[in-house]
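**Student:** So the protein sequences, as listed, match chains A and B.
Its first residue numbered 1, the first sequence is counted upward by one per residue in the UniProt record's numbering.
Its first residue numbered 1, the second sequence is counted upward by one per residue in the UniProt record's numbering.
Think of the CB as a built atom: it goes at the ideal place given N, C-alpha and C, for glycine as much as any other residue.
Keep in mind that this is a model prediction, so the values were computed, not measured.
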Amino acid sequence: MLSRVAENIYWMARYVERAENTARVVMVNANLLLDLPRGVAPGWEPLIWITGSTELFEARYKSYGERQVVKFLLGDEDSACSIISYLRQARENARAIRDIIPRESWEQLNALVLGTRASLQQGLTKGGRYAYLKSVIHGCQGLTGMLAGTMNHDQGYHFLRIGRNLERADMTTRIIDVRSADLLPGESELRPFETIQWVSVLKSLTAYQMYRRSRQLRVTRPDVLRFLFQSDEFPRAVYHCMEAVEASIAPLPRSDSALRLIGRIKRQLQEADVGSLRQDDLHTYIDALQLIFGDLHGEIATTWFLPQAQVQAQSA
Amino acid sequence: MPIDWKQYRSEGFYDEIIGPRGGPRRSARHLARHLAQMDAAELTARQAAADLAITEMGITFTVYCDESGGAIDRAWPFDIIPRIIPESEWRRVEEGLKQRVTALNLFIDDLYHEQKVVRDGVFPEAVLKSSSNFRPQCVGVDPPYGVWAHICGSDLVRDADGTFYVLEDNLRVPSGVSYMLENRLVTKRVFPELFEDYAPLPVDDYPSQLFDTLATLSPRPADYPEVVVLTPGIYNSAYFEHAYLAQQMGCELVEGRDLFVDDDDCVYMRTVDGPARVDVIYRRVDDLFLDPEAFRPDSMLGVPGLLRAWKAGNVGLANAPGAGVADDKVVYSYVPELIRYYLDQDPVIPNVPTLRCMEPEVLKHVLTNLDTLVVKPANESGGYGMIVGPASTQKEREAFAVQLRKDPRNYIAQPTLRLSTVPTVVDSQVEPRHVDLRPFILSADRQYVTTGGLTRVALRRGSLVVNSSQGGGSKDTWIVPQGEE
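1. Name the chain A residues whose beta carbon is nearer than 7 angstroms to that of D262 (chain B)?
2. Just checking, does the region 218–228 of chain B make contact with the region 278–286 of chain B on the three C-beta pairs under 8 angstroms criterion?
3. Find the residues of chain B that neighbour D99 (chain A), judging by a C-beta separation of less than 7 angstroms, and give them in chain order.
4. Beta carbons nearer than 8 angstroms to chain B: which residues of the region 76–100 of chain A have them?
5. Cα-Cα, which of A:A207, A:D170, A:D177 and A:R212 is closest to V245 (chain A)?
6. Run through chain B and tell me which residues come within less than 9 angstroms of L109 (chain A), C-beta to C-beta.
7. Tell me, to the nearest whole angstrom, how far the beta carbon of D445 (chain B) is from that of Y145 (chain B); I am working on the premise that it is less than 8 angstroms.
8. Quick one: is M151 (chain A) near chain B, going by C-beta distance under 8 angstroms?
9. Report the residue from B:L104, B:R189 and B:V348 whose alpha carbon sits nearest the alpha carbon of T163 (chain B).
10. Looking at C-alpha atoms only, which residue of B:F440, B:A458 and B:Q414 is the closest neighbour of S97 (chain B)?
11. Taking only three categories from DSSP, how would you classify L306 (chain B)?
12. Does the distance from the CB of V147 (chain B) to the CB of M180 (chain B) come in under 8 angstroms?
13. Would P321 (chain B) be called buried (16 or more neighbouring beta carbons within 10 Å of its own) or exposed?
14. What does the alpha-carbon distance come out to for the pair D476 (chain B) and D436 (chain B)?
15. Below 8 angstroms between beta carbons: does that hold for I131 (chain B) and V325 (chain B)?
16. Assuming E252 (chain B) is part of the beta strand (DSSP E), what are its boundary residues?
17. Since Q155 (chain A) meets chain B, which of its residues come closer than 7 angstroms, beta carbon to beta carbon?
18. Given that I234 (chain B) touches chain A, what residues does it touch there, using C-beta distances under 9 angstroms?
19. By the criterion of Cβ-Cβ separation under 7 angstroms, what are the contact partners of M1 (chain A) in chain B?
20. Measuring only the C-alpha atoms, how far is E431 (chain B) from G23 (chain B)?
21. Hey, how far is the Cα of Y342 (chain B) from the Cα of L111 (chain B)?
22. Tell me the DSSP secondary structure of F227 (chain A) in three-state form.
23. Excluding the 5 residues flanking Y244 (chain B) on each side, which residues of the same chain have their C-beta closer than 6 angstroms to its C-beta?
24. Compare the beta carbon distance of P481 (chain B) and I17 (chain B) with 8 angstroms and say whether it is the shorter of the two.
25. Mind listing the chain B neighbours of L252 (chain A)? Cutoff is C-beta to C-beta under 9 angstroms, in chain order.
26. Can you look up F123 (chain B) in the DSSP assignment and give me helix, strand or coil?
27. Going by alpha carbons, who is nearest to L225 (chain A) out of A:R174, A:I249 and A:G263?
28. Counting along the chain, where does the beta strand (DSSP E) carrying S443 (chain B) start and finish?
29. If contacts are defined as beta-carbon pairs under 8 angstroms, then L205 (chain A) and R236 (chain A) qualify, I think. What distance do you get, rounded to the angstrom?
30. With T163 (chain B) as the anchor, note down where its alpha helix (DSSP H) starts and where it stops.
31. Y414 (chain B) and P353 (chain B): beta carbons closer than 8 angstroms?
32. With a threshold of 6 angstroms on Cβ separation, who are the neighbours of S428 (chain B) within its own chain once the five nearest residues in sequence on each side are excluded?
33. When you compare the CB positions of T303 (chain A) and A272 (chain A), do they come within less than 8 angstroms of one another, or not?
34. Between Q137 (chain B) and chain A, is the shortest Cβ-Cβ distance under 8 angstroms, so that the two count as touching?
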């Protein structure tokens, strides 16, 4: 398989995953705000932190109002981190590998981009938002399923899984970071709402039901953190994602150093007592994890993708 | 209201389906009767079915880039009524095309070796000296079988008397063959019943013929050759075709950055498993962008050292660099002479009468008759930079005359052709629209001509411009086993 093709598949998977996660986060935030009392609600700003685009947002909008944030994350064609931009970038990657991916998957992605753009106005209204986001999530999952069911599970498919799971791990840590940082301080009169907020963390990741099944405990901070970082069963848990990346990297040639790096990440996940981390330490821990995800991407790129000079030459 | 052929008029033109007295030509009788049985609603429904099939099958061509850098894919414009050519007539065309491409390849090979044709005074040295597609870097190279243009797309037109003429030969990176193949698939969906009456000769073995042609260029004949298609990338207007052909041949579709030439002068592609040797490259990148080491140093599309590897005989290139020297429209005007010179034969298919503006007397004549002539630059494609006299304004002609005087070597002039027409669906009725035909000729150890080719149609009433980049469409082309007219 050509290195460039592997790289395109990898990025296509990452962008589709990013679009899906962004849709989830917006959906859950909207729900959460309905449950929290006015005045204590964290509002919409944290969503911009999650995507790491504070500067870009503030350059374009004057306030962190619901309308502004939702527009920025759903349909802003100029924002590199809106759902539409992610899907468009996924489509551009897919276009370059049209001869590799099954035709119906290409058509599904194509239809998803067009449909998401065409019904954007619906997504920007309070009443239409839920249906809109649901259709984005279904569209992304449909594509993932279609590829799983129709594409050869060859090297190309491995790169697809690597991209998707690395992106997923990264998004999970971002969501935990931001959603836990803006959690309410331990003021006793607000206690009832703390549970709601941890539930919302789980729901951002569609993890609530699975958490209940595997823990059968009430929702507490330490347990939620342990579940989301360390579960080897829940597909959006960081540890599980790393195992999936590892399984797809192992069959590839020259995989030694990437595998060593994953070994380190897995140890870091297993050994940490994440449940007892205080907020500051949790943040530091997540920072360290994200840096090492970046290293892993770098290792994958140097081992299997086109040399950087070639990539730059093309984009110059 | 069903189609009434008596109302159909293609005054003064040769119509491919309906004869001069209003009745269908013999080879098209079934088709005309079949269409006449349909009412407007059914005709519209069939056209809609074809358009839907094209959208679903993702048959597109790329038009331009929008501001954000994205390329716009347009659905391929297609008309459902096929153009019909009797097989007996086609065999002669096929023979003529083979003859022509044989002579062209001998000519190219001669130009890069002894240039006998110049010394013998058949082809003027001045034209060669000023040719923008002659590549001095290729002098002395001996490609396999002496063939330089492995894939040629020649444009044919019929004039008012029904005679086929060659309008031009495309020897650089001719495109359109994927649409020829897809048009057939769509027509099969739209008119399955007609296929029973006609059994047009199949077209779909082109990809395997192409692969076989390319495979014969492999420097390692013992192994199963690694053949790749080299594309400039997704923003190229023919990207759909590049991806399509790679897919149909089961080859990798590569970009320049996927390849490199190593110290051993062999070409490798960068794969997940490490470097893999490449034997044959069907390149769809223009000469000058092919190798920054040998041609334009600023090219981002090419592969440094590619020419070196080709000259060393370590990789096959189709078409060979430098083959475009015969793609020049001034060269075109000499092809009948070249056929006589190299093959000692008379041309089977005539050229369109062509005036060379580089000759001073001719230039004077062309300048005073700009309103009746078609004048074309020698090296443009896609219908750019030309003027169609009768359809031009005084102002356009004046501006064009300035260009022409500046560089007469770069222009040829031809009479305005009365291109043949084919009934075409317009607003749920049929009207005549002008067409041309681009067959593809493969050459290596042997020759192969596509069955028919791509019929391009000028969709605007009265227009002679068939290029898809300028709003043209296409039709399926049927070579049918019925006899002569």
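**Tutor:** Looking at the atomic coordinates:
1. Within 7 angstroms Cβ-Cβ: nothing; D262 (chain B) doesn't reach chain A, min ~14 angstroms.
2. yes
3. A243, A246, Q247 and L253, listed in chain order.
4. E77, R88, E92, R95, A96, R98 and D99
5. A:D170
6. In chain order: nothing, as chain B lies at least about 11 angstroms away.
7. 6 angstroms
8. no
9. B:V348
10. Checking the sequence shown, residue 97 (chain B) turns out to be Leu, not Ser. With distances taken between Cα atoms, L97 (chain B) lies closest to B:F440.
11. helix
12. no
13. With 16 or more other Cβ atoms from the protein chains shown falling within 10 Å of its own Cβ, P321 (chain B) counts as buried.
14. Within the model, the alpha-carbon separation for D476 (chain B) versus D436 (chain B) is close to 12 angstroms.
15. What sits at residue 131 (chain B) in the sequence shown is Ser, not Ile. Yes; because the gap between Cβ atoms is below 8 angstroms, this pair is in contact.
16. E252 to V254
17. V272
18. E92, R95, A96 and R98
19. T271 and V272
20. 15 angstroms
21. 13 angstroms
22. helix
23. S178
24. Remark: C-beta atoms of P481 (chain B) and I17 (chain B) do not approach each other more closely than 8 angstroms.
25. V272 and D273
26. coil
27. A:R174
28. F440 to S443
29. 5 angstroms
30. Careful: T163 (chain B) lies outside any alpha helix (DSSP H) and carries neither H nor E.
31. At residue 414 (chain B) the sequence reads Gln, which differs from the Tyr that was named. Yes, Cβ-Cβ distance for Q414 (chain B) and P353 (chain B) is below 8 angstroms.
32. A40, L43 and T44
33. Not in contact: T303 (chain A) and A272 (chain A) (Cβ atoms no closer than 8 angstroms).
34. no
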